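Residue numbers (this note's numbering), protein chains in the order written: chain A, 5 to 104; chain B, 244 to 414.
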Amino acid sequence: MSAIDAISVVLMLAGAFFFLAGTVGFLRFPDLFTRLHALTKADNLGFGFIGAALALQSGSWAVAGKILLIWLLLMVSASACSLLVARGALRNRIEPWRKP
Amino acid sequence: MPANSISTQTRARELLLRLAVLLSLWWVLDEGRADGWWFGAIIIACALALSFAAPFARAPFRWSITGAARFIPYFLYESIRGGWDVARRAFGGAIRVEPSMLTYATHLRQPTARVFFAHVISLLPGTLSTDLREGEVTIHALAGTEAEVRAGTRALEARVAQLFHEEGAAS
C-alpha cells in the first residue's frame with residue numbers, strides 16, 4: 005500500500021465518521037433547528053473528507069477540480085436549503101426547542 | 244448596489260474573470276480532455292454572453308484575492324471544528340444542546356456579501372442562519388451564551404468584510 009493509499013483510507017474513515025455523526029445527530033437532536041445544525045455541518049465535512057480521498061485516488065487535477073466543484077455546490081445547496089427550511093418553520097410559528 | 248463607478252477597466256476585468264472561470268469550469272467538466280475544444284468554445288461563448296444578459300446579470304461586487312487567501316484556511320479550520328462539535332454532541336450520552344436565538348445586525352453593505360455571510364454562518368460551529376432581511380440575520384445557536392455567539396459571528400463578519408473589500412464596514 006502506497007502512502008497515497010494510506011492517506012486516502014484515513015480521509016475516507018474521517019468522512020464516514022462525520023457522515024455517521026451527522027445522521028446520529030439528525031436522529032437524536034430534539035427539534036427541526038438543532039437537526040439542521042447536524043445536517044449542514046457534519047455532512048459537508050463528511051463529503052469534504054471523502055471527496056479529498058477520491059481526488060487523491062483519481063491522480064488527475066481535472067477530476068480533483070470536479071470533486072472540489074461538487075463540494076462547493078453541495079455546501080451552497082446545504083446552507084441555502086437549511087436557511088429556507090428554518091425560515092419557513094419560523095414563519096409558520098414553529099417554536100425552537102429550549103432546554104427545560 | 245448602485246452602479247456608481249463601473250469603468251471600462253472594471254468591465255474588462257469582469258469579462259476576463261468570467262472567461263477564466265468558464266474556461267476552468269469547462270476544463271474540469273471535460274476532465275482535462277482537449278479533443279472537444281471547439282464544442283467547449285461554443286458553450287463558453289454562449290455562457291459568457293448569457294452571464295451578461297439582463298435576467299442573469301447580478302449586482303457587481305468587489306472582492307479581494309488576499310482576503311480569499313486568508314478566508315479559505317479559516318473556513319476549513321472552522322468547518323472541522325463545526326463538524327467535530329456536532330459529532331461530540333451527537334455521540335454524547337445525553338444530548339448536550341442548549342439552543343437560543345438572536346438577531347445580528349450586520350455592517351456588510353453589499354447584498355452579495357450579506358448572503359455569503361448568512362450562508363457561511365450555517366457552516367460554522369454552533370450557529371445556523373434562520374432568516375436574512377435587510378441587514379439583519381437571525382441566528383439559531385446550538386449552545387453557548389449570547390456574548391460568545393456574537394463574538395464568533397463578529398469574527399466571521401470581519402473575515403467576510405476582508406474578502407469583499409469592506410474593511411471599514413465591520414467594527
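For each residue, glycine too, the CB sits at the ideal point set by N, CA and C.
Model, not experiment: these values are computed from the prediction.
Asked, Found
"Please find out if some non-hydrogen atom of the ligand SAH comes closer than 7 Å to the beta-carbon of residue 57(A).", "In the structure shown, the ligand SAH is absent, as is every other ligand, since no ligand is present at all."
"In whole angstroms, what separates the C-alpha of residue 39(A) from that of residue 30(A)?", "5 Å"
"Using a Cβ cut-off of 8 Å (strictly closer), state whether residue 403(B) contacts chain A.", "no"
"For residue 362(B), which residues in the same chain have their Cβ closer than 6 Å to its Cβ, ignoring the five residues on either side in sequence?", "none"
"At a Cβ threshold of 8 Å, is residue 245(B) touching chain A?", "Reliability fails at residue 245(B), whose pLDDT of 47 lies under 50, so the model's placement of it is uncertain and the value that follows must be treated cautiously. It does not; no Cβ of chain A falls within 8 Å."
"Can you find the residues in the same chain that come closer than 8 Å, C-beta to C-beta, to residue 262(B), ignoring five residues on each side of it along the sequence?", "287, 291"
"Is the region 309-321 of chain B touching the region 12-24 of chain A, taking contact as three or more C-beta pairs under 8 Å?", "no"
"Just the C-alpha distance for residue 247(B) and residue 253(B), rounded to the nearest angstrom, thanks.", "Annotation note: pLDDT 47 at residue 247(B) (below 50); position unreliable, no value reported."
"Report the residue ranges of all beta strand (DSSP E) runs contained in full by the region 334-378 of chain B; include only those spanning at least 3 residues, in chain order.", "343-348, 370-376"
"Between residue 342(B) and chain A, is any beta-carbon pair separated by less than 8 Å?", "yes"
"Would you identify the three-state DSSP class for residue 394(B), choosing helix, strand or coil?", "helix"
"Can you find at least 3 beta carbon pairs, one from the region 70-83 of chain A and one from the region 390-399 of chain B, that sit closer than 8 Å?", "no"
"Going straight from the alpha carbon of residue 346(B) to that of residue 103(A), what length do you get?", "20 Å"
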